[in-house]
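Protein chains in written order, with my numbering: chain A, 1 to 249; chain B, 250 to 365.
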Amino acid sequence: MRKASQPKQLMILVPAFNEEGAIAGVIREVNQVMPQVPVLVVDDCSSDDTVHRARAAGGDVLQLPHHLGLGGCVQAGYKLAHELGYEFVIRVDGDGQHDPKYIPALLDMLQKTGCQMVIGSRFYQNNGAHTSTVRAIGIWVFRMVLRPILGKPVHDPTSGFVGVNKETLLVFTRSFPLEYPEIEALVVLQRKRFRFEEVPVQMRKRKTGRSTITAVKSLYYIIHVLLGVFVNILKFEGRRRKKSPEGKK
Amino acid sequence: MDRLLNVMTVLSLVLMVAVLFSVRRSHIRVEYSVSWLGAGLILLGLSRSPGALYWIAGKLGLADPPLALLILVFCVFLVVIYRLSVVISDLKDANIAMAQRVAILEFQLQSLNEKR
């Protein structure tokens with residue numbers, strides 16, 4: 001019987017697309033840190049052996065019928081977790097960049113503070129993180145833009161190492177950005193007056209593959225995300241309520 | 250001017266005939282053919298009404314009526330393309346929701362089978 005099909009408190013969500021080289025290691029590491037916690041790999045229609053390796057390593061696999069991109073992939077996992085009644089979901093990327101040893105700290109923050117979202121932050125409390133110059137400029141721009149919108153500073157707005165509680169799960173099942181979701185998701189939550197906290201983490205280099213955000217795509221990324229942020233601020237909620245809530249960005 | 254209007258008349262007729270054939274062959278659904286047929290009718294009407302073009306050019310402050318025609322053609326197609334963008338966005342949202350639903354149902358079904 002699948003572990004993830006049983007209602008429990010915490011689920012680890014691992015979005016994966018062609019991560020055959022790293023996915024098994026990620027699942028094993030998570031299982032070492034959190035032995036009883038189900039790991040749900042959401043496979044975004046990988047063309048490699050990701051699904052089989054994830055299953056062999058003990059993970060549950062939610063297989064998307066076609067490629068949806070990161071946002072659609074993560075949202076599918078959130079929807080399943082919500083339907084199964086999970087209280088908390090922590091997202092760990094399938095490329096091995098997120099060290100599972102920080103999962104207890106993220107969960108602890110969610111439970112103790114009652115905040116709706118917690119971000120594993122590379123730059124919080126000066127924990128010595130370094131990133132490429134282009135990405136650092138992008139992160140600085142996003143920090144400046146988000147500061148007045150969120151009403152508090154966010155040190156690592158592009159981090160995908162995030163934990164959410166049940167309230168946020170419900171919101172994200174109805175509205176979740178499709179591309180580059182991390183930053184826009186913060187704005188979605190701000191509109192609900194939800195709180196977020198940051199936990200200092202150190203991230204590792206990806207074990208295999210390459211980042212989806214290359215230098216060439218960086219400018220497009222910045223423009224796309226900024227546009228998405230402003231669209232989310234201006235979004236008219238009334239129209240969405242009239243329609244089916246499923247999958248609306 | 251007359252030659253341009255004649256060309257526009259032919260083009261609008263070709264557009265409407267092509268759309269009607271596409272509807273007949275089920276390449277375009279009826280509801281989406283309305284935008285194109287409307288665009289074709291507007292262009293046909295304008296190309297057969299030089300007086301209207303002169304009046305519009307005067308209102309827009311344009312000395313050259315063919316320029317008014319080109320601007321109107323541009324505006325008509327802008328509206329059609331905008332409408333199609335709305336349709337595509339709705340379809341993409343529906344497609345994503347359906348793909349996620351299929352995946353979740355498949356997952357639940359496998360879980361049930363494993364329980365048996």
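Every residue gets a Cβ at the ideal spot worked out from N, C-alpha and C, and that includes glycine.
Bear in mind the structure is a predicted one, so any value in this text is a computation, not a measurement.
Contact annotation, ASP44 (chain A) with PRO15 (chain A): C-beta distance approximately 7 Å; criterion of less than 8 Å satisfied.
Judged by pairs of C-beta atoms under 8 Å, the stretch 319 to 326 of chain B does not touch the stretch 29 to 36 of chain A, as fewer than three such pairs exist. DSSP places MET11 (chain A) in the strand class (E or B) of the three-state scheme.
With its beta carbon less than 8 Å from one in chain A, ILE353 (chain B) belongs to the interface.
Rounded to whole angstroms, ALA56 (chain A) and LEU80 (chain A) show a C-alpha spacing of 21 Å.
Along the stretch 49 to 64 of chain A, going in chain order, the ones with a CB nearer than 7 Å to a CB of chain B are LEU62, GLN63, LEU64. Distance check between GLY300 (chain B) and each of B:ARG332, B:GLN349, B:PRO314, B:ILE291 places B:PRO314 closest, using alpha-carbon atoms only. For LEU189 (chain A), the closest alpha carbon among the candidates A:GLY120, A:GLY94, A:VAL229 is that of A:VAL229.
Judged by DSSP secondary structure, ASN18 (chain A) falls outside any alpha helix (DSSP H); it is assigned neither H nor E. For ASP251 (chain B), the uninterrupted alpha helix (DSSP H) run begins and ends at 251 to 273, by DSSP. The three-state secondary structure of ILE330 (chain B), taken from DSSP, is helix.
For ILE337 (chain B), no chain A residue has a Cβ inside 7 Å of its Cβ, as the nearest lies near 13 Å away. Rounded to the nearest angstrom, the gap between the Cα atoms of MET257 (chain B) and LEU150 (chain A) is 53 Å. If the five residues before and after TYR78 (chain A) are omitted, its C-beta is found closer than 8 Å to the C-beta atoms of LEU13, VAL89, VAL164, LEU169, PHE172, THR173, PHE176, all from its own chain and listed in chain order. In the three-state scheme derived from DSSP, where H, G and I count as helix and E and B as strand, ILE291 (chain B) is classed as helix. Counted as a single uninterrupted DSSP element, the alpha helix (DSSP H) harbouring PHE172 (chain A) occupies residues 166 to 174.
Annotation: the continuous beta strand (DSSP E) that includes PHE88 (chain A) extends over 88 to 91.
With respect to chain B, the C-beta atom of LEU68 (chain A) has a partner C-beta closer than 8 Å. If only complete runs of 3 or more residues are kept, the stretch 139 to 166 of chain A shows the beta strand (DSSP E) at 162 to 165, in order along the chain. With a beta-carbon spacing of about 5 Å, ARG91 (chain A) and VAL162 (chain A) fall inside the 8 Å limit used to define contacts. The Cβ atoms of PHE196 (chain A) and ILE119 (chain A) lie closer than 8 Å to each other. Secondary structure at LEU40 (chain A): strand, using DSSP grouped into helix, strand and coil.
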